Each structure stands twice: as structure tokens, then as C-alpha cells.
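J.: Please find one structure pasted underneath; my questions will follow.
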Amino acid sequence: MVLIKEYRICMPMTVEEYRIGQLYMIARHSFEQSNNGEGVEVVANEQVMNDVNGQGQYTEKRIHLSSHLPYWLQSLIPKVFYVTEKAWNYYPYTITGKNVMCSFIPKFEISIQTRYEDNNGTTDNCLDLTPEEIEQREVDFLDIAYDEIKPHHYKEVEDPKFYKSEKTGRGPLVEGWRDSHQPIMCCYKAVNVKFEIWGLQTKVEEYVQGAIREILLLGHRQAFAWMDDWYNMTIEDVREYEREMQAKTNVKLRATIENVEKAEEVIAHSSKLNTPKSPKSPATTPSSEGRSWFFWS
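Letter by letter, the sequence shown follows residues 0 to 296 of numbering that gives the first Met the number 0.
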């Protein structure tokens, strides 16, 4: 049985305000997190039309994340590793993937459905899940102020317990704020992770769900803490900011990735030159064909 995690993230703003804040946060967060050849590279960002949902925005991204993976998984993959994410944003409804493709592991899929509503997470089936999906669903309410994030992500200036917006007067967020704050909206996200490799499936799926939860918590804390930077922007303003930051992020990423690839080519070439040739094996030696190339074989 595949576990569906439905994350519900309340924010101290309206759905319309969140539209600007989310776009700003993603663009800025992607740039700030892009270091050493890792981060989010935007391949496509264009308008699309859908018969049911109307006009929307299609994006295709390569998420470079080798060092963010656990050590036991890093040992199985190349140095330059990325996941391809395709998303269709028909705000206030979005779809990420039906397939989020991996550059090295083909049987890895993530699908995410998202909807935004002006409430505090009280809609039971906001995403129109089937009875079977509801049976498999686990609901997780995220509190941007009082759920803990990993220490290396923590910044006091981005802590909703201390942040106060000068432009809106919102914050700091006190205990129980989701029951009393106005305005308030909720981001509903149903996340389905599939990794169909025997022996690793449960471990990888649980790890990915945990990583997604951490990203959602951090990103939404930042969207609120950066409110004074985006609050007066129009949709045209934030789309222009998005284009500028995506261009800077792509340049930053590609330069580092090319350096890594060149370094690996030099190392591989040097290894071939310096490794002495082995003598021919006797005819009685069993063939190595069909053996795994991993070091434990």
C-alpha cells in the first residue's frame, strides 16, 4: 500500500497574498540554496492553457541534490545527480509531476496535488481524493512557528515567533495562532512517493517524505518572514523578479556543474594512465561477466 501524506500548512495571509509571496519565496530560496553545483535549475517557465483549469504556468526544473541525500544513497549514484520536476500551476490549484523523473533511478516517482483556501485547514477533502486514497491518507498539520526545523536551517530573523511585519503589522505568531489569526489561509498538499526497488522502497519513501516536509516548513517560514520584501509587488513585478533570479541561479549552477564534470574527466583520465595493466587471467579463472560493479560484489 502506498502512503499518501496530506500536508496542511496555514499561513497568516490571504490566498491572493500568498500567490505573490510563494513565487517570491521560491525564486529567492532557490538562488540562496544553490551552492557547489546544487540547487534548482529552471529549464522551462511558460504560460499554458487547460480546458478544465484555464490559463496557468508550466515549469520544468532540474533539482541538483547529490550532497543532500543520505550517505548510504550517495554511494550508489553519480556525483552530478538531479531530479526533473514538471509542474502546472493553475492557481489556486497546482499539479507537480505525475512523474518526477530521476537522472539515475528510473523507478522513482513523486506526485503532488496542491490547493489553497482561505481557512485554517478545516476542509476534509479539499483535493477531491477518492475513498481509496482517503483510506491511505495520513494528514499532517504543519505549524510554521512552533514545529522545529533542522538547526542548520534556523535563522532568528526568519523565525515567525519573533518576526513582525512592518508593512502589515502581522506577527510575531503566538501559540495557537492558527485558531485566532486573521487573515489566514491553508495550503493543502497531497504527496505520493513511489520508489519501486526491492530492499530500499520503504527506507527511501520515508526519507523523501521527511525531506519534503522539511522543505515545506522552511519555505513557508521564509515566505512569511520575507513578507515586507514582496508585500507591495504585483503579479507582473514578482514574475519579473522570478525571471531575474532564475537567470542568476542557472548561471551559478551551470558554472559549478561544468567544473565538477571537467574535474571528474581529468581524474578518470589520470586513473587510466597511472593504473598498471593487469596480466591476462588464466583460462580457468571464472568469468566476471554478470557481476555487479558495486564495491561489495
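Think of the CB as a built atom: it goes at the ideal place given N, C-alpha and C, for glycine as much as any other residue.
Computed from a predicted structure; not experimentally measured.
1. What are the residues that DSSP puts in a beta bridge with THR58?
2. Can you give me the start and stop residues for the beta strand (DSSP E) that ARG7 sits inside?
3. Have a look at THR283 and GLY209 and give me their C-alpha separation to the nearest angstrom.
4. Pull up the distance between the alpha-carbon of THR122 and that of ARG253, whole angstroms please.
5. Can you give me the C-alpha to C-alpha distance between SER291 and GLU195, rounded to a whole angstrom?
6. Just to confirm the assignment, what range does the beta strand (DSSP E) spanning ARG114 have?
7. Express the C-alpha separation of TRP197 and ARG114 in angstroms, rounding to a whole number.
8. Extract the residue ranges of the beta strand (DSSP E) inside the region 175–215, only unbroken runs of 3 or more that lie entirely within it.
9. Tell me whether GLY53 sits in a helix, a strand or coil according to DSSP, three-state version.
10. Quick one: what does DSSP say VAL250 is sitting in, helix, strand or coil?
11. Could you give the distance in angstroms between the alpha-carbon of GLU40 and the alpha-carbon of GLY53?
12. Since I believe HIS152 is in contact with LEU217 (beta carbons under 8 Å), could you give me their beta-carbon distance rounded to a whole number of angstroms?
13. What is the residue span of the alpha helix (DSSP H) that ARG18 lies within?
T.: A quick look at the data gives this:
1. The residue you call residue 58 lines up with position 59 of the sequence shown. According to DSSP, which records beta bridges pairwise, THR58 is partnered with ASN44 and ALA86.
2. As a position in the sequence shown, residue 7 is number 8, starting the count at 1. Note, ARG7: beta strand (DSSP E), 3–10.
3. Here residue 283 is taken as the residue at index 284 of the sequence shown, counted from 1. Here residue 209 is taken as the residue at index 210 of the sequence shown, counted from 1. For THR283, the predicted model reports a pLDDT of 40, less than 50, meaning its position is unreliable and no value from the coordinates is stated.
4. Position 123 of the sequence shown, counting from 1, holds the residue named residue 122. Position 254 of the sequence shown, counting from 1, holds the residue named residue 253. Rounded to whole angstroms, THR122 to ARG253 spans 43 Å at the Cα level.
5. Against the sequence shown, residue 291 aligns to sequence position 292. Against the sequence shown, residue 195 aligns to sequence position 196. For SER291, the predicted model reports a pLDDT of 26, less than 50, meaning its position is unreliable; a value from the coordinates is still stated below. Going from the Cα of SER291 to the Cα of GLU195 covers about 19 Å.
6. Within the sequence shown, the letter at position 115 stands for residue 114. First-last of the beta strand (DSSP E) with ARG114: 107–116.
7. Along the sequence shown, read from residue 1 onward, the residue named residue 114 stands at position 115. Along the sequence shown, read from residue 1 onward, the residue named residue 197 stands at position 198. So the two alpha carbons sit approximately 33 Å from each other.
8. 184–194
9. Residue mapping note: residue 53 aligns to position 54 of the sequence shown, counting from 1. Strand.
10. In the sequence shown, the residue the question calls residue 250 occupies position 251. Helix.
11. On the sequence shown, position 41 is the one that residue 40 refers to. On the sequence shown, position 54 is the one that residue 53 refers to. Rounded to whole angstroms, GLU40 to GLY53 spans 27 Å at the Cα level.
12. Translated into the one-based positions of the sequence shown, residue 217 becomes position 218. Translated into the one-based positions of the sequence shown, residue 152 becomes position 153. Going by Cβ atoms, the distance from LEU217 to HIS152 rounds to 5 Å, so yes, they are a contact pair.
13. In the sequence shown, residue 18 corresponds to position 19, counting from 1. In the DSSP assignment, ARG18 falls within the alpha helix (DSSP H) that extends over 14–32.
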